[in-house]
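Written out below as structure tokens is the structure these notes cover.
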Ligand SMILES: [Zn+2]
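Numbering (this note's numbering), first residue to last: 770 to 1108.
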């Protein structure tokens, strides 16, 4: 798949969206759940707007404009994203000073750098497309600068903002954009797509990623097991009555935000199991989850769910990570003890 192409489940909505390009809004907020391809949609959308010979409205992938997009040097396309994102894409080298982490924010200089560009003529008088993603990473000053631009939008220019959490954006900025919500593709379609990408155990992968196909692909390519080792260990210890020491050690090696997220998913599966329902995230471990769920105390499970929700806010900057993992391991194992 090239970046001028829409993902298979995005093609029909993209055609409907692009069909109105003659009277196009000048700013779009393209949003959807993480891992469902809003950035890909925005990029393929930009390509389609710039393409000289679109096919049924979508980029051809072969004309001069498409070749420029693919080579990353179309003069009428600007990609505004945090440096950390550009590094991930391989578009920016890691700063020479290794101590300086690449920025996770879209900074005001990046927005200001667009101003002279608005005054240049476009190639063959076509569109100029500014792609901003993820829009949540606009810091407050940059968001206000962008808002100023959108209040008096430059001619022939389309802004495509891709976001996962529009509620975290400046409301006045959101009000300046037309919203384009993207839906999660159906499981069968996602599984077929993952299979075509060469992903093993596509159905289990998709479930573990909460139904988000791009997240499932990313996890597979990163070599992550379908169920993380620490979660396997938790299930083992829950069944065997472990004291939590080994689990605490295992959790130390994981980003707290990741294990909190993982436990929240597992907790949902345990709650479903307590009601005799199949798990949503970990169907491959359904039998073990059901066995634990059948015997546990629902009040203790609910209490621990509340605790996990609290940790979600704190996990990004835990005061004492070791204390947190020690407590989590003991407390969460206790919470799933048989009644
Ligand atoms: Zn083209």
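The beta-carbon is built from N, C-alpha and C at its ideal position, and this holds for glycine as well.
Beta-carbon proximity list for residue i, same chain, < 7 Å, skipping 5 on both sides
i: residue 876; result: 908, 911
i: residue 811; result: 799, 900, 902, 929, 931
i: residue 1052; result: 973, 976
i: residue 820; result: 828, 829, 832, 834, 835
i: residue 895; result: 819, 845
i: residue 793; result: 927
i: residue 795; result: 922, 926, 927, 928
i: residue 1028; result: 999, 1020
i: residue 776; result: 806, 809
i: residue 1093; result: 1025, 1087
i: residue 914; result: 877, 880, 881
i: residue 1097; result: 1020
i: residue 978; result: 804, 984, 985, 988
Neighbour-count burial assignment, residue i, 16 or more Cβ in a 10 Å radius
i: residue 804; result: buried
i: residue 991; result: exposed
i: residue 1013; result: buried
i: residue 969; result: exposed
i: residue 1067; result: exposed
i: residue 998; result: exposed
i: residue 954; result: buried
i: residue 824; result: exposed
i: residue 1054; result: buried
i: residue 1006; result: buried
i: residue 817; result: buried
i: residue 1086; result: exposed
i: residue 897; result: buried
i: residue 1038; result: buried
i: residue 1084; result: buried
i: residue 1046; result: exposed
i: residue 852; result: buried
i: residue 1017; result: buried
i: residue 935; result: buried
i: residue 1162; result: This structure leaves residue 1162 out entirely; the chain is present only between 770 and 1108.
i: residue 788; result: exposed
Separation of residue j from residue i, as counted between CA atoms
i: residue 871; j: residue 849; result: 14 Å
i: residue 1107; j: residue 1009; result: 11 Å
i: residue 1030; j: residue 1078; result: 9 Å
i: residue 809; j: residue 857; result: 15 Å
i: residue 961; j: residue 1090; result: 40 Å
i: residue 933; j: residue 1080; result: 21 Å
i: residue 1075; j: residue 891; result: 54 Å
i: residue 1035; j: residue 987; result: 20 Å
i: residue 1022; j: residue 889; result: 51 Å
i: residue 982; j: residue 964; result: 11 Å
i: residue 924; j: residue 1048; result: 51 Å
i: residue 947; j: residue 843; result: 25 Å
i: residue 959; j: residue 1004; result: 28 Å
i: residue 940; j: residue 791; result: 27 Å
Residue i: first and last residue of the uninterrupted beta strand (DSSP E) it sits in
i: residue 716; result: In the structure displayed, the chain extends from 770 to 1108; residue 716 sits before or after that span and is not available.
i: residue 798; result: 796-800
Segment limits, alpha helix (DSSP H) that includes residue i
i: residue 1096; result: 1090-1104
i: residue 814; result: 807-819
i: residue 831; result: Here residue 831 belongs to no alpha helix (DSSP H), and DSSP marks it neither H nor E.
i: residue 994; result: It is not in any alpha helix (DSSP H) - residue 994 carries neither H nor E in the DSSP assignment.
Same chain only: Cβ atoms within 8 Å of residue i, ignoring 5 sequence neighbours per side
i: residue 945; result: 796, 916, 919, 920
i: residue 879; result: 849, 911
i: residue 874; result: 851, 906, 907, 908, 911
i: residue 771; result: 830, 839
i: residue 1041; result: 1047, 1048, 1049, 1062
i: residue 1060; result: 1008
i: residue 943; result: 798, 935
i: residue 883; result: 847, 849, 899, 918
Same chain, Cβ closer than 6 Å to residue i, five either side skipped, listed in chain order
i: residue 779; result: 810
i: residue 801; result: 807, 951
i: residue 837; result: 843
i: residue 980; result: 953
*Which runs of the alpha helix (DSSP H) fall wholly inside the stretch 1034-1083 and span at least 4 residues, in chain order?*
1055-1064, 1067-1083
_Restricting to runs no shorter than 3 residues, where is the beta strand (DSSP E) found entirely within the stretch 840-892?_
846-849
*At which residue ranges does the stretch 885-971 contain complete beta strand (DSSP E) runs of 3 or more residues, listed in the order of the chain?*
Fully enclosed beta strand (DSSP E) runs of 3 or longer: 897-901, 926-932, 947-950.
_Length-filtered (4 minimum) alpha helix (DSSP H) runs lying within the stretch 1002-1039_ = 1014-1021
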